[in-house]
Amino acid sequence: MKRRNALSAGIALAFVVGSASAGNDFDYCLLCHGANANGNYGIRAPKISGVEPWYLARQLENFAIGARGTPAEDAPGHEMGPVGMRLKAEGTLDAAVKFIGKLDSKRPAPTVTGDVAHGKKLYENCVSCHGAKGEGNATLNSPALAARSDWYLVTQLVNYQKGLRGADERDTYGAQMRAIVATLPDEKAISDVVAYINTLK
Amino acid sequence: MGSVPIFGIAAVQRRRQVKLHNRSESLVDPFALAHYLYAQDNKIKPPIGGQYMTNKLSRRGFLNLAGAFGGSTTVYRAALALGLLPAIAHAERPELGTLKKPKKVLVLGAGISGLTAAYELSRKGYDVQVLEASFRAGGRNMTVRNGDRIDETGFPQVCNFDKDPDLYFNCGPARIPGHHKALLNYCKELGVELAPFINDNRLAWVQDDAMFGGKPVRAREYMTDSRGFVAELMSKSLAPEQFAAPMTKDDYDRLREYLKYLGSLDPSFKYLGSSNAGLAVHDYTNPDVLKKPLDGRELLKSRFMAIMSFGETDDQAAMMMEPVGGMDRVPAGFLRKIGHLVQLESQVQSIKVLTKGVEVTYRRNGEYIRVKADYVLNCIPMQLLAGIENNFPKEFVAGLTAIPRGKLFKIGFQMKERFWEKEGIYGGISWTLQDIQQLWYPAHGINRQKGVMLGAYTFDPNAGEKFARLAPADRFKLAIAQGEKIHPGYGSYVESGVSVAWHQMNHMLGCAAQWDEELWKKWFKTLQTPQGSHYLMGDQVSYHPGWQEGAMASAHHAIADIDARERAAGAVAT
C-alpha cells in the first residue's frame, strides 16, 4: 500500500489556523510558559503574554546579568537565568519580547483564595504604584498585577520577603518592592492581597 | 536512566543526616540505622511500634537487619511475603486485531512509548501520525556523538567528541536488565544488536569525605570489610535467649553459620580479612597476602551503605545489556520501520477532547495547525502538558501538576586515555557521596586509546539543580574537581565534555516522574484512565518511571484498551 502523506490526508484534515512568528526560534518560551505563554504551574512558569514589554525586557536583563534568579532556593528563577543569558548573548532579547507580545493572552483562572476584604485593605499600599485596578504604571516602572498568574504573584511576594528577589543592588526596582513587601506581614496577608488582585479587572 | 524511586537517595540523604546525628553511636545502633534507612529507601513499613532496636529481637526482625546490611533481596522478598509491597501484574505485549477500516491515531511524542504504540498500531490497519516537538526523535533515549546538538533551553551545546563509533554518550537510559522483556523483544525484532553492560565492578572506587579523610577505597574492600565487621559483631552479641520466638540450638547454629559466610569470618567467628576484599598484592609466585581489614567504624561513617546493594537491585543486577553503538539504536530501529510516520518540530499547543475523537493544534514553523483524530496517544511530559490549552476535567489537570518532575543530571567526558583501565577498572561504576555521585567507565572499546566516561550522574535533585544553574564549562570544572578525589590527575585526561540537565532540556523539562506511594494511590488511575479517546502515555504513566520498559508497558496498556474498544465495536477483522 502506498503510504499517503499522513498529515494532509491520513489524519482527517489539517488546517492552518494562524501564524505568530517567522519560525520555531522562540517556541521554547512556550515550552515552559505554556501555550500562548499563558503560564504553566506544572513547572512554575508564570503567564508572560500580556505583560508589558518594558517589564519583560527588564526582567530578562536581570536574569541575564544574574541580578535575579541566582539564589539556590529560587529553583524556578535559576531555570530562567540561563535563558536570559542566552537571549542576551544571542542579541535576541528584544525579539523574544516582541514574540511574546504577539501571543494570544488570556486571563488565567484564579487559583489563590483568601480574605478579599482584608486583601483590599492591604492593597491600599499598592495602589500608588500599581494602580487602583492593578493596571500598572510605566512611568513608575510598576507592572500591572491584574490578570497575571496569581500563584506567581504569591511566589514573588514571598521571594521578596525572603530576599530571594530584590536583594541584588543592580535590581533597583526590585529593591523598592522589597521594602514595600514589609507591609505584608505573613503568608495569609499575601494570599489575601492576591485574592483581592484576582478581583481586579 | 536509573529508577530514582527505588534509590531515592536524594530525599533520604537529607533525612539521614538528621537521623545520624540524633542517634547514639553505640555499637549496635548502626544495624538499626541501616535497617531504618533501608526501609525508608524502599518504603518498607517499620516493624510494629516502630522499634528498630529492642532487647528482644523477633526472628524476622533479625533477618531483616541482616538483610538490610547484606543485600536488598532478602528484605525485599520478606516484604513481599508480608504483603507490604503491591504485586504488579505484567503487561504483556498485546495481540492487536486488524481493523477492517483505518482509524486515525495521533501520537504526541516520538519517545519510546510513542514509537512503540505507533509501530504496533500502524501494522494493524491504524492510520498513525506521530508529532514530535523536538528536532530529533527518541525522547529521553538520547545518545550524543560528534557534532550532535544538546538542546538545553538556556545552555544549548554541541558534542565535540572525536568522530569514532566508540566515542558516544548515553544521556538518558544506558542499561537494560534481562527481565525487561518488552524492550529486549523489540531489540531482537528491530535488529538492535546488544552487548553486555558492566554495571557493578568491585574494583571500582567508593569515595566519601566522611570516611578515611575522603580517600577512596575499592568497592570490594568496603563491602567485604563492612560485612565482616558487622557479621563478627552480630555473631558475638547475639544469644538465643534474645529472640522473642523460641529458637532451637540448631536454628541458632545455622544463623551463626550464615553469618560466618556472610562476613567471611574465621572458624572462631572473627573477621581477619578476606580475599573478597582483594589481595594485598597479586603475586602468584608467592603465598597470598590478605589486606588488613579497614576500620569497621570508619566504614560505617559513610552513607555508602545505602548504595552498597545497588548492583543487587531488581533492575541493576548483572547481567545487564546495552545496544552496540549507543542506546539510541533502539529508536533508530523503530524509525527504520515507521520513520515516515514521524513529523518533527511540531509543538502541541492545544488539545480538545471531543465527543468523538480528539482535536489537536500544534505549532510548526510559526504556524498553528489543527488536526483531528479518532484517538490521541499523548506522551507529552505531564509538566509540559499542564501548560497546553486543554479541556480535560479539573481532576485530571490537577494530577498533571501533582507529580514532581525528575531532575537527573549527567556529564560525559571524552578522555584522551582510558586511565581507569590502568587501575584495573574495566567498566562499572565508582560511587562518591559528592555531587557527581557516580563515575561510569565504558564497557565498550576496552583497551582502545580513548574513551567516553560518565563524569556525573546525580540522583539528588539538589545536586541536579546545582549543576544545572552553572554554565557547561563551570559544570565540567566542578565535576573534574570532585572526580580528582577518586582519580588524582583526572582533569588532565579530559578532552571535551557534554552535560545534560534533564529538567532544563527543551521539550522535556524533567525526566522520570517522581511518584511515591501516596501520589500513586491518589493520582495514577486518574491519569491512566483515558479521557474520551485521549490516552496519557509514557513511563510517566507506569509503575516504572525512568525506564524504557515502563514506557513500553504504558504504550501496551493504552493500545490494548484501544484494541478492546475496536473489538467491542466490531471494527476488527476476524
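Protein chains in written order, with the numbering used here: chain A, 34 to 234; chain B, 46 to 619.
Ideal Cβ placement from N, Cα and C applies to all residues, glycine included.
Note that this is a predicted model, so its numbers are computed, not measured.
Chain-order list of chain B residues neighbouring G124/A: empty, with the shortest C-beta distance near 15 Å, by a criterion of under 8 Å.
Relative to the Cα of G402/B, the nearest Cα in the group I607/B, Y267/B, K461/B belongs to I607/B. The continuous beta strand (DSSP E) containing W250/B extends over residues 250-252. Contact with chain A is found for I433/B, since one of that chain's Cβ atoms lies less than 7 Å from the residue's Cβ.
Here V214/A has L190, Y193, Q194 as same chain residues with Cβ atoms under 7 Å from its own Cβ, once five neighbours each way along the sequence are excluded.
In the three-state scheme derived from DSSP, where H, G and I count as helix and E and B as strand, G583/B is classed as coil.
Beta-bridge pairing by DSSP links T406/B to S395/B, R415/B. Taking 8 Å as the cut-off between beta carbons, the residues of the stretch 437-459 of chain B near chain A are L445, T446, R450, in sequence order. The residues K169, G170, V617, A618, in chain order, have a CB closer than 7 Å to that of T143/B in the same chain once the five nearest residues on each side in sequence are set aside. Across the set P533/B, V405/B, L564/B, the C-alpha of V405/B shows the shortest separation from the C-alpha of L176/B. Taken atom to atom, the span from the alpha-carbon of F214/B to that of L317/B is near 42 Å. Between L151/B and the set N492/B, L345/B, N423/B, the nearest pair of CA atoms involves N423/B. A distance of 7 Å or more separates the beta carbons of V226/A and D183/A. Taking each of T216/A, G67/A, R91/A in turn and checking the Cα distance to D127/A, the smallest one comes out for R91/A. Secondary structure at N230/B: helix, using DSSP grouped into helix, strand and coil. Boundaries of the beta strand (DSSP E) around Y420/B: 420-423.
In this structure, the straight-line span from the alpha carbon of P368/B to that of L572/B is close to 32 Å. When only Cα atoms are considered, R463/B and G490/B end up about 10 Å apart. Inter-residue distance for L499/B and I221/B is about 17 Å (C-alpha atoms, whole angstroms).
The DSSP assignment places complete alpha helix (DSSP H) segments of no fewer than 4 residues inside the stretch 161-219 of chain A at 183-195, 205-213, in order along the chain. Approximately 16 Å separates the beta-carbon atoms of W592/B and I448/B; this is outside 8 Å, ruling out the contact. When C-beta atoms of the stretch 513-523 of chain B are compared with those of the stretch 408-423 of chain B, fewer than three pairs fall below 8 Å, so the two segments do not count as touching. Burial is judged here by how many other beta carbons sit within 10 angstroms of a residue's own beta carbon; Q394/B has at least 16 and is buried. Residue range 439-447 is occupied by the alpha helix (DSSP H) that includes A447/B. Scanning its chain for C-beta atoms nearer than 6 Å, with the 5 sequence neighbours on each side dropped, one finds around P218/B the residues M46, N186, M372, Q593, in chain order. Residue burial annotation: K146/B is exposed, with fewer than 16 other C-beta atoms found within 10 angstroms of its C-beta. When the Cα atoms are used, A222/A and C65/A turn out to be separated by approximately 29 Å. With contacts defined as CB atoms closer than 7 Å, L554/B and Q392/B fail to qualify as a contacting pair. Any Cβ of chain B closer than 7 Å to the Cβ of V227/A would place that residue at the interface, and such an atom is absent. Taking a C-beta distance under 7 Å as the contact criterion, A605/B and P210/B do not qualify as a contact pair. Looking at W476/B, V398/B, L310/B, L300/B, the one whose alpha-carbon comes closest to that of A351/B is W476/B.
From the listed residues L386/B, S347/B, Q576/B, F454/B, the smallest Cα separation to F437/B is found for Q576/B.
Look at the stretch 56-68 of chain A: the residues with a C-beta under 8 Å from a C-beta of chain B are G56, N57, D60, Y61, L63, L64, C65, H66, G67, A68.
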